[in-house]
Amino acid sequence: ELIGSRREQKLLERSYGKRDQHKRVHISSMNHALFHHLTLFTTAAAMIIQNSSSNGSPNHKLLIGFQAPWNVSFPYSALRLGSAIQIAVEKVNNNPSFLGNYSLDFVYKDTDCNPKESLGGFIHQVWRENVTALFGPVCPEEAEVTGLIASAWHIPMFGFVGQSSKLEDRVMYDSYIKIMPPLNRGSEVLAKTLEFFGWSHVAMIGGGLKTNTWDKVDALWNTVENLLRANFKLTAELKFDTSNPDLLYQNVKYISTVARGKAGVCALICAAMNLMQNSINKTELKQDNTRAFDMTFVIGQKSYEGYEYYDFFKEVFQKLKGHPFWSNLTSESEVSPYSAYLHDAVLLYVMGLKEVLKEGKDPHDGRQLLEKLKNRDKIRFHGASGLVHFDEEGERSMDYSIYDLQRVGGNTMFVPILHFESQKIALLAVLVTFPLIGVVAVLWIGVLMFQKFRLQTRLDDSNWWIINYNDITIIREPSVRAIRLNNKKKIQAGNILSKYTKKTVASLSLIILNLLRKMKEMKHENLVQFFGVCIEPPNICLVTQYCKKGSLKDVFGASDIDLEWMFKLSFAYDIVNGMDFIHHSKLKFHGNLKPSTCLVDSRLQIKLSGFGLWEFKYGGKNKLSLMESPDYKDLYWTAPELLRQVGLPCNGTPKGDIYSFAIIMWELMYNSKGGPYQDINLDPKEIIMQLRIPFQGEPLRPVLCEQLCDEKVNALLRACWSENPDHRPPFASIRRRLRDISPESHANILDNMVDKLEKYANHHEEVVEERTNQLTAEKARADNLLSSMLPKYIADQLMSGKSVEPQSYDMVTIFFSDIVGFTSMCSSSTAMEVVTFLNELYSLFDDIIKMYDVYKVETIGDAYMVASGLPISNGNKHALEICTMALHFLSAIQVFRIPHKPDEILAIRIGIHSGPVVAGVVGTTMPRYCLFGDTVNTASRMESNSLPLRIHISQSTADILIQAGSFELKERGDIEIKGKGVQKTYWLLKKTGFNPNLSSLSSLQGDSLKVQTEVGGTQTSKV
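Position one of the sequence shown corresponds to residue 858 (the numbering used here), numbered consecutively onward.
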């Protein structure tokens, strides 16, 4: 009977193949005639599907079906939620990253919650309209029947309202996809809550508003009741019609009495906290009524204020009043909360469809689409109902919170006191009683949200925008990164204060209050969210959303970042979408669009800032009058017609915004690092003057190059920065032209983002490696510099983090040298000549000391100090090393030429002494290795009492050299040493077998050079 006649059977075989002809579907609630007509419709529709799918030409317009009752008395009437599908369709069509060259549209069918109407409408939508997916029907009875046909035809059917246990059968309804959380998870949420508080005695009360909700209540009731009976003590149960408030009060009072309690705790489970706030209107929470909620907890879906949640329902309400629904709703509160799920269901469908298109497959092939959607645990996006993601079983995951009724700032509201992550939410209320004293909980049914149909409670406090600066504190706990207000208002992580530092502050006039109201309404995915202002001096500031990636100005200024085409296009689309929203809002224009006001959030999405509140920021004055020293570079993005106005107005115009966008677009496309006019050889003030008054009638603009950028992009830039504002295209037109410009318009920006991020990650790895090499090189240079300042042994100890203690040495040798006639030379030479001379001389000495076991202690003016025997002792070798080095110095001096006096020979005095010293590192900012003791003073006296080109040594040094036997000395005799008395000293003449190689030094021309000597007085002799 189900298959029909032989002819119909053959048609079915042609449509589905013989392997499916033995399938039987048993539906006990439908009679034989209905099955017969169903088969005829199925056969014909299958033929249409087969013919349409065999058509070789691609269909660039895809249709989806939408079924919901028209009657506004239904909480999920099309007149209450229908425009949500419009919003989703427009969003997809306006962004080519979703479906590329394909567009989306929908066809609507009024089913009146009648299974027959739904089934016939679905067959018509498939047969006549060739729809690729069905959204609805919303009533469980309809969904159970139509879902079977959708499964047989492999057409995805999205449920965004209906809750039915039959639809949980994944074998019978394998094409049914839910955007709502499943019923069987509500009990899990409740169990975790009860276990958390340690409660074991519970009572249940529930019901529906109308008869069409009782099936849902029964399903919810059974789901939770089974768990409560298995794990807790259920003390009382009661079902009733909750549409009557008096009856609700009586039943609550009754069940409290039955449960033997005088006070209770109520746990109310809702779809979202916003729904609960809207269901309990603040006007009803008067002093007498709030006592009933003192022990009430609300278990609800976590609020998603950070996304487009609030603004979405305002848009639904506005669009419902237009084509094709022409709804007569009078306020936003009448919009169905299910509209958010309808919107997100369409986006979920599109996410699967774009995967099909990416693989080049037929978008009309339901099998391919269902295959992609079965793996929807990989899909994750932010929708109107919050974060949309699915677990491994294909069920939607939702976070939830527990809310407590508290009095905050004179208002009574529910505030979050506990959060649980990744749990599912049910729609049911449960009464919880304390186990020891028998206190009964008051159970309130979650279906109360249908009484108000409201997703956003309007704030009755007219001072909502005022934030007390003292109430703002930074949460510094490692696990909590947020800014929290002391009065329980919470601003999520990443929302920081953007301080306003202007001296002039506007008075809080009605104009500013109106602007604040407009700013509150400015909620879009490409705009920063506005929270409020602090108006008490000196802490006057705006509180807005924070974007952790900085701004486009930071991106442009990063020398190691070159944006690829996909990122450029994504950023451009984000700016266009945000600006288009502003231009269609009550603000009408941005007025301050520039790279620094295009912020980049953690998802690499542009969020526009810096718009609105002109009177509050500037107090009615113009920008230039507020600038102490105008930064003309900051005016590069201001339209010429605004620059020509006296004083430069603080606000702007829509056409001026388009000009600003063109300049930013140029910077994006040309990878500008230094601004739009970096290649123009003019200072910023001259550039602004030429923008105001074009030179010779030719307006100044950034340079365009066909080799660096596509001509279509250049043409768009020319149009957007046209000198005539009327010739600049609106942002809607710019969006279309961007779609035509992109050679990858069919590609998905979001999907390609991962690939691009991998490339950028690889690029950053190269940058890190390069910077690491640079760091290593710099460290080596720093080590060399430290080694030149300190002995290598001491430097190694310091670099390894060890402390260097002062050390005493029994015997070292110290060398001092001094330039003869240096004072006279300085008086007859320029400072640069003296510095050049000393640099060449000391560089020569530095090269020589590298050959010996010595350490250069320091140079002071023309004095050169060297020591040996420290910091590592070398026995008596220290005197031999120093004296050999001194002979080397004298040999080198003979071939050294003074750069600015080449005809004069240089003469130095040398003094050497051996004895004990104490050495250590002195100072931290500029540490030096210093020597202390009488030995240092004696060595200095040896030098000062020496003669030009002679090496004067003390008795202690001479004793070591005589013992070594390879040095030739000449006794000088007893001389008076200042501070030492009469001492016997020696001249060091030469070392046996020592003949230093001076071939690397400059040769002298001539055999005789003049030398200036100082022996008592000043005299000149030949050497």
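No residue lacks a Cβ here, since even glycine has one placed at the ideal position from N, Cα and C.
Keep in mind that this is a model prediction, so the values were computed, not measured.
- Assignment of beta-bridge partners to Ser-1184 by DSSP yields no partner.
- Judged by DSSP in its simplified three-state form, Leu-1804 adopts coil rather than helix or strand.
- Looking at the DSSP output, Trp-1844 bridges to His-1809, Lys-1827.
- For the pair Cys-996 and Ala-1009, the Cα-to-Cα distance works out to about 20 Å.
- Residues of the same chain with a CB within less than 7 Å of the CB of Lys-1835, apart from the 5 flanking positions on each side, are Arg-1798 in chain order.
- Residue state for Ile-1598 is assigned as helix, using DSSP reduced to three classes.
- Between Asn-1383 and Gly-1467, the C-beta spacing is not below 7 Å.
- Using a 10 angstroms sphere on the CB of Ala-1639, the tally of other CB atoms stays under 16, which defines it as exposed.
- Under the DSSP assignment, Cys-970 falls outside any beta strand (DSSP E); it carries neither an H nor an E label.
- The three-state secondary structure of Ile-1323, taken from DSSP, is strand.
- Inter-residue distance for Ile-1591 and Leu-1470 is about 27 Å (C-alpha atoms, whole angstroms).
- With distances taken between CA atoms, Phe-1438 lies nearest to Asn-951 out of Pro-932, Asn-951, Val-929.
- Under DSSP, Ile-1769 forms a beta bridge with Phe-1672, Ile-1810.
- CA-to-CA, the gap between Tyr-1030 and Gly-1217 works out to about 27 Å.
- Just measuring C-alpha positions, the residue of Asp-1703, Glu-1393, Tyr-1666 sitting nearest His-1745 is Asp-1703.
- Here Phe-963 is not near Ile-1012, since their CB atoms are 7 Å or more apart.
- Just so you know, the alpha carbons of His-1239 and Arg-1501 end up roughly 44 Å apart.
- Judged by pairs of C-beta atoms under 8 Å, the stretch 1557–1568 touches the stretch 1530–1544, as three or more such pairs exist.
- A distance below 8 Å between beta-carbons, with the five flanking residues on each side excluded, links Asp-1597 to the following residues of its chain, in chain order: Lys-1569.
- When the Cα atoms are used, Leu-1788 and His-1735 turn out to be separated by approximately 15 Å.
- Excluding sequence positions up to five before and after Met-1208, its CB lies within less than 6 Å of the CB of Ile-1236, all in the same chain and listed in chain order.
- A direct Cα-to-Cα measurement between Leu-991 and Tyr-1516 gives close to 43 Å.
- DSSP places Met-1689 within a helical segment (H, G or I) once states are collapsed to three.
- Every alpha helix (DSSP H) stretch that sits fully inside the stretch 1026–1055 and reaches 4 residues is listed by chain position as 1043–1054.
- Boundaries cannot be given for Gly-1850, as no alpha helix (DSSP H) includes it and DSSP labels it neither H nor E.
- Within a 10 Å sphere around the beta-carbon of Ser-1188 sit fewer than 16 other beta-carbons, which makes this residue exposed.
- Distance between His-1621 and Glu-1627, taken at the CA atoms: about 10 Å.
- Under the DSSP assignment, Asp-1201 falls in the alpha helix (DSSP H) whose first and last residues are 1196–1215.
- Under the DSSP assignment, Tyr-1516 falls in the alpha helix (DSSP H) whose first and last residues are 1511–1526.
- Gln-1664 carries a strand assignment under DSSP once its states are collapsed to helix, strand and coil.
- When C-alpha distances from Phe-979 are compared across Ser-1190, Glu-1697, Val-1002, Pro-1541, the shortest belongs to Val-1002.
- Between Ser-940 and Leu-1205, the C-beta gap is not smaller than 7 Å, which leaves the two residues out of contact.
- Going by beta carbons, Lys-1211 and Phe-923 fall outside the 7 Å limit.
- Counting only runs that start and end inside the stretch 1524–1581, the alpha helix (DSSP H) elements of at least 4 residues fall at 1541–1549, 1568–1577.
- If you draw a straight line from the Cα of Ser-1823 to the Cα of Thr-1741, it comes to about 10 Å.
- Leu-936 counts as buried, since at least 16 other C-beta atoms from the protein chains shown sit within 10 angstroms of its C-beta.
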